[in-house]
Amino acid sequence: MKLNKTFLLLITLMISVIACKDNSQPIEITPDEFHKSVDRVVDIMVHDIFSPPVASRIFAYPNIAAYEIIAQQNPEYNSLAGQIKHLGEIPKANSTKNINYQLAALVAHMEMSKKLIFSEFRIEEYRDSLYQIWEAKNPSQFEDSKTYGLEVSDFITEWMNKDNYPQTRTMSKFRVDSEAEERWQPTPPAYMDGLEPHWSKIRPFVLDSSAQFKPIPPPKFSMDENSAFYKELREVYETTNRIVKIGDESEEVQIAQFWDCNPYVSVTRGHLMFATKKITPGAHWIGITKIACRTAGADFDKTIFAYTKTSIAIADGFISCWDEKFRSNLVRPETLINNHFDDKWKPILQTPPFPEYTSGHSVVSGASAIILTDIFGDNFSFLDDTETRYGLPIRSFKSFNTAAQEAAISRMYGGIHYRAAVEVGIEQGRKVGNLVVDKLKMKN
Amino acid sequence: MNKLKVVILFLGVLIVGCNQKDDLLFKNPSADQTGVKFTNSISETNDLNILDYLYFYNGGGVAIGDINNDDLPDIFLSGNQVKSKLFLNKGDLKFEDISEKAKIQGNSSWNTGAVMGDVNGDGLLDIYVCAVVGLNGFNGFNELYINNGDETFTESAAKYQLDHESYSSSAAFLDFDLDGDLDMYLLNHAIHTQESFGRADLRNKRSYQTGDKLLRNDNGTFTDVSEEAGIYGGVNGYGLGIAISDFNQDGYPDIFVGNDFHEDDYYYINNTDGTFSESLKKYFGHTSRFSMGNDVADINHDGWPDIISLDMLADDETVLKSSEGDDNIQIQKLRTEKYGYHYQFTRNMLFVNQQNSNYLETALMSGVAATDWSWSSLFGDYNQDGEQDLFISNGIPKRPNNLDFIKFASNDQIQKKIDNTKLVDQQALEMMPSGRTHNVIFKGTKNLMFEDKSDEWIEKDNYVSGATAMADLDNDGDLDLVVNNLNDATSLYINQTNSKANYLKLKFNYTNPNKFGIGTKVFAYSGGDLQYKELYVVRGFQSSSEPMIHFGFNKQQKVDSIKIVWPNKTYQIVKDIKVNQTLTISPEKTKPFNYNTLLKKSKPLFKLNDSTGINFVHKEDDFIDFNRQKLIPYQVSDRGPAIAIGDLNGDGKDDIYFGSSRFKPSKTYFQTDSIYTEKRIISVVNDSINEDVTAVISDFNKDGKNDLLVGTGGAHFSNKMKPLLDTYYVQTNEGFDGKLLPEFYENASVIRTNDFDNDGDLDVFIGSNTISNDFGKIPESYLLENNNGSFSIVQSDVFQKAGMITDAIWEDFNNDGFTDLILVGEWMTPKFLKNNNSDFSEEKLIDSKLSGLWQQIQPFDIDQDGDMDYLLGNWGTNSKFKASEDYPMKMYYADFDDNGSTESIVCIYKKGKYYPLLGLDELAGQIVSLKKKFTTYKDFAGKSIEEIFDKKVLNKAVVLEVNELKSGYLKNEKGHFSFVPFKSELQVSPLTAFIKYDFDFDGKDDVLVGGNYFGVTPFQGRFDSFPGALIKNENSLVLGNTIGLDFSEKSIRHLNIITLKGKPYLLATINNDKAQVYELIN
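From first to last, the protein sequence lines are chains V and L. For the first sequence, full-length UniProt numbering gives the first residue as 1, with consecutive numbering after it. For the second sequence, full-length UniProt numbering gives the first residue as 1, with consecutive numbering after it.
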């Protein structure tokens, strides 16, 4: 008996030792880990320099990959398969495996992001540090979830690659028509080529076509002092002159600078040229999405849902906007003001390198605000600290819509858009946003 | 025995080792050895660095001259922030620092150039030191040290009104009004940033601080006469280079100013009445963009001054591909068309004087285009072989045009701080790579070619070298150099030529107050060669050289004669002069000099004639191939217009059909008894969508009336778009009816007719040079057989796969009675297609590899041996393309990124590897994955094509090659052909048109050649300086500008002979310009 007891004890000990060895804990993924992953991608995008339309694509696909994974598990959310253009059902996870869907979603998000940005090592560093933690916690769950995340990422990649992006890379440059004064001309100081002239050929997610919300044409070009166009031009010139005189304390100047969101501003100083870089308009609204999620205490799945829906609206917003830009091909205020009023005039913001109408920031702000209001409600007040790392202050807003309105008009204060591009632009964006809200049945 | 062998071997090794050291043309004695202890130390501070002052690294000055008249040249060195120094030459390369005693140390905060000149005309060299004043807290003024004759100086700038307080870089002495005293051109620099280009006419508005000044010596005070003399002085004059020379050889000195950044260089022609006409655009097709130092010398023995202008293009791949390159084509358009600037490209330019017509620009061909961040250039016969060599000083402490800095450095924290504070300027500076690099020396050779001897002639240092001056410091007859380095000791380059080759040095004792004879010209004749020099001491960059003339005469013992032309336009001749001596020459028995004798006495053969009624202007459409195919090496859409000559209305007189570019109607000129008049042929005009590239008028259906066949192309229409179908108009009694040709779609380049099957009607070869949007794929050319006026395709790969055809001729090259066909084209070898009784097969008749970018072929018995040779127009060697038999230029053609459209990547060989011509941004603009593979420019720079692409990717590419870029001729040697290149002047641009005719009425045919081509990106520049040439035989050639042709800056497409009233005229059809008609002058 004594022996037996000892034997039993031994066995128990042994079992507990073995159990100790396989002392797996469930891996818990917090919303913050997803936010950080998004932040990391935003930083890399700033470094690598992506134009606003290309940046919008880089946000959308990783979010969709992550969303499709959590929709497999969380009955609250519906898959986007069949709802957005040509997305089929992602592979199902092997039911015999120990899958942590949230982990898989984050893996897929990082993997997709890595494919879309240039400086891959900057994602790998972050990814590997997370992998190490997860592996230590629960190697089998980690391994299975990672495998699934990568599998979905491959599936989403295959779908993504058919969006015409690769083909648009080799399409022709935008041809500047230097004879017609109403047509867009490259602007100082870098006189860059027109950016992404074929972006309307990118496959949209929800829009029927890039021209679905084709806006009304801009006021007819005329340098007649009584024409609507001339008056709008004059308004840009006089407004910026007025607020520049007041200086940096001018509310309008502050608004213009806060919403600058230009990923590449070229600067010449002495013998040097360099670029000051900020996030894109899309990234700013992704930042507001983060703030909203945190403020509302959104859980992991809701966080992904919010990012996904917003980034889809932003991406379609850019497609819609770029379609109009290269259709109306309208000259920027800076060109006309330099030619007609003052050859030394400079806008408060650097004129970005593409045609004027409609304002891209207005479109995506309008679209994003609709989505965020739909998810988080109207009168959702928040403190926007997205731009603090670029030396800009925090601004507070009563609602997403007031933020969007301010973002839109900031372009006129900044001297880079006429009023029509702002007002029609935000409407165009709202239409895109409403379409996304109406068409996508994401939440039950 | 064995031991002896070892010893001998050992000695041999020693000797070889020693020899290598002895081969150095220049030795650099240390400052301790010579006593020339001077370092231009500058220190970056938070308040003063390249962020605050764009020319922070431009360095100081050097002036050399004998200040105490002991026949030993003394050295003056200025530094930016350190005190200036004067070193008295004590002989044997020993120098004494007499700065303190001489009182020349200076008081300005920031000194720049230093020059010597006899300002007060007392026969003693004075010193003028430039300063930057009124910027960054810099104070002081330009200082003038008047030589007291006792090795001391008195600062007297105010007295002479030369105490300017502006942003000066240098000053040059010249007697522009020939009144006998020395005036001054003061070179200032702008600090205007690049925030906006600003319009070129900014130069018309004078700015005291930045504008250049012409200062006339009015009996000892210098009056600013810039305004009335027509000298620009705007806020955009970034003056860094200044050269004085009588460029047009009329006896009055002219001025060349090199301006940095976007401002054009200035070429001031002296109007001989105290004013100047700035004439850059008239004489230069393009200039260097970031112009720095420059220099002038006659490099080709024609007695006319040639110019080099420096820039900052690197040859080294790691530097080249990580530095900002040229503008893109649209920005260039904006600069030139909207802002009024001239064409400027980032590289050194070598301008060869063509006597009152456009300069030939040959830097790429001559091998001197890329010497990195270059400051000073000095021509001199350093090895005394009778040819001008070239020394170029180099380097920059930090490269501000580094792409990683521009795109990425600024990203992080530094960025914010640059904007807000100056605290981390240092950090920003450290992110820029060093641009320390060795100086460069070229050996001059015949035929405008220079050979890089930096590895053999000089020690490769690692200094940042700027201002450089030349002198015979040790009085051994050869040319020594003094280089003012930044933050390192000044270098002396002591020439070791010594007695290995002969020299002649000349000094002048001219009339007061220009004792030193500034502006004196010397024509030296020896051994059948002319050498020409002109005495201006301010040369290179921020410096002045010893006031003397130096010639090398190799092994010749005497100089046949020298002709000295004095500034007052008189001359004297000295004969039979012994070499290896220094002559001091005073005016003696002078006679008036007739400058007209310097003009080349070619008999004009052509005279523009506007009375023929031909007023055709070709306007190219605004399609830019590079917008669609961003990596292609040149355009293919601009090869028109077509021209065809023949009787179109049955009146027995030849008429002229001109094709047109896309969407523009063609034009037809009918010959009447007195004039050509334009009349529309409705059915032809209606086809104006087409771009007409080639055309033929002939009676194809044998009805006694001529028909018209037009080959269309233009590379913008693609696939099976109708405008790619050629058009065939048959003449009826009512007019012309469009008839169908067999349905094939191509970009036609050439149509040639011949009855190849001897059935009595004209058959047609139609060549094609490209497939739209698919450059690199072989297009199909066709042979059409005529059957009673309707055509059918002769199916044969010999034609369909012939290549990228540009020209063809029907020639019975084997004299078998059947007309054979010779085809030329791009990325291919000329093809001899033998006609075997209507069946064609290729014959290998050329003895060497001869794949070129062939443009034209012309039969001509150039060697006058009775058999037919073939002249071949190629691309020329004056471009960034490089090709040789061992190392051909390669074009990789494939769909690199599998997106359904192809790319073509051109690579050239450099030091063991093949590199793509284009950089990361251009390549990644098409193949985005490269941005992932190379996340910095540093990663990419220096990578060969094999390192850039995976083997798998490269393996799927078709590789096309070019091993010969020179134009030349196929010399017929009993039915086989060997290639003989033309001389250098014919290699400066692509040769695009030939015509054979007896232009000089000597009973023998000549061939007239036209060229120039602009369908390339600013990376290549513009091939604009070929003036045309008349080839009489293999040894006789005259350039077009000397015989009355105006072909420079014109892209000639066709040359034809037309007749009017029985008289022949030359018709030159030009792309995007007015056609020219010349009368032939007998």
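C-beta atoms are modelled at their ideal positions from N, C-alpha and C, and glycine is treated no differently.
DSSP places residue 375 of chain L within a strand segment (E or B) once states are collapsed to three. DSSP assignment within the region 540 to 595 of chain L yields no whole alpha helix (DSSP H) run of 4 residues or more. One thing to note: residue 330 of chain L has its Cβ no nearer than 8 angstroms to the Cβ of residue 169 of chain V. In the DSSP assignment, residue 152 of chain V falls outside any beta strand (DSSP E) and within the unbroken alpha helix (DSSP H) covering 139 to 160. With a minimum length of 3 residues, there is no unbroken run of beta strand (DSSP E) contained wholly in the region 22 to 49 of chain L. Along the region 681 to 741 of chain L, the beta strand (DSSP E) occurs as fully enclosed runs of 3 or more residues at 692 to 698, 707 to 712, 727 to 731, 736 to 739, listed in sequence order.
Within chain V, the residues whose beta carbon sits less than 7 angstroms from that of residue 628 of chain L are 172, listed in sequence order.
Your pair residue 411 of chain V and residue 422 of chain V checks out as a contact, with CB atoms roughly 6 angstroms apart and the cut at 8 angstroms. Judged by DSSP secondary structure, residue 431 of chain V falls within the alpha helix (DSSP H) whose first and last residues are 419 to 439. Using a Cβ-Cβ cut-off of 8 angstroms, residue 935 of chain L counts as an interface residue toward chain V, since at least one Cβ of chain V sits closer than that to its own. Counting only residues of its own chain and dropping the five nearest sequence neighbours on each side, residue 68 of chain L has a CB closer than 6 angstroms to the CB of 151. Just so you know, the alpha carbons of residue 188 of chain V and residue 339 of chain V end up roughly 13 angstroms apart. Three or more pairs of CB atoms, one per stretch, sit closer than 8 angstroms, so the region 669 to 686 of chain L contacts the region 729 to 744 of chain L. Shortest Cα-Cα distance from residue 190 of chain V to any of V:159, V:267, V:397 involves V:267. Listed in chain order, the positions of the region 890 to 912 of chain L with a beta carbon within less than 7 angstroms of a beta carbon of chain V are 897, 899, 900, 901. Only those residues of the region 41 to 63 of chain L whose C-beta falls short of 7 angstroms from the nearest C-beta of chain V are listed: 50, 51, 52, 53, 54.
Ranked by Cα distance from residue 749 of chain L, the first of L:815, L:643, L:558 is L:643. Taking 3 residues as the shortest admissible run, the region 976 to 1006 of chain L contains the following complete beta strand (DSSP E) segments, listed from N- to C-terminal end: 976 to 981, 991 to 997. When the five nearest sequence neighbours on each side are left out, the beta carbons in the same chain lying within less than 6 angstroms of the beta carbon of residue 375 of chain L are those of 292, 293, 393, 466, 541, in order along the chain. When DSSP states are grouped into helix, strand and coil, residue 961 of chain L belongs to the strand group. If you draw a straight line from the Cα of residue 260 of chain V to the Cα of residue 36 of chain V, it comes to about 23 angstroms. Between the C-alpha atoms of residue 248 of chain L and residue 279 of chain L there is a straight-line separation of about 12 angstroms.
Within chain V, the residues whose beta carbon sits less than 8 angstroms from that of residue 409 of chain L are 274, listed in sequence order.
Residue 328 of chain L reaches chain V at 193, counting residues in chain order whose Cβ is nearer than 8 angstroms. Nearest to residue 523 of chain L by alpha-carbon distance, out of L:302, L:954, L:699, L:1008, is L:302. For residue 291 of chain V, no beta strand (DSSP E) segment is defined; the enclosing uninterrupted segment is the alpha helix (DSSP H) at 281 to 296. With the rule of 3 Cβ pairs closer than 8 angstroms, the region 60 to 70 of chain V counts as touching the region 112 to 120 of chain V. Among the bridge pairs identified by DSSP, residue 1054 of chain L is matched with L:1069. When the beta-carbon positions are compared, residue 661 of chain L and residue 646 of chain L stay at least 8 angstroms from each other. Setting aside the 5 residues that flank it on each side, residue 303 of chain V is surrounded in the same chain by 31, 34, 293, each with a C-beta closer than 6 angstroms to its C-beta; the list follows chain order.
Residue 1053 of chain L places its beta carbon 8 angstroms or farther from that of residue 1035 of chain L.
About 13 angstroms separates the beta carbons of residue 984 of chain L and residue 1011 of chain L, which is beyond the 8 angstroms limit, so they are not a contact pair.
Residues of chain L whose Cβ lies closer than 9 angstroms to the Cβ of residue 120 of chain V are, in chain order, 932, 935. Burial state of residue 955 of chain L is exposed, judged by a 10 Å Cβ sphere holding fewer than 16 other Cβ atoms. Contact with chain V is found for residue 338 of chain L, since one of that chain's Cβ atoms lies less than 8 angstroms from the residue's Cβ. Boundaries of the beta strand (DSSP E) around residue 671 of chain L: 667 to 671.
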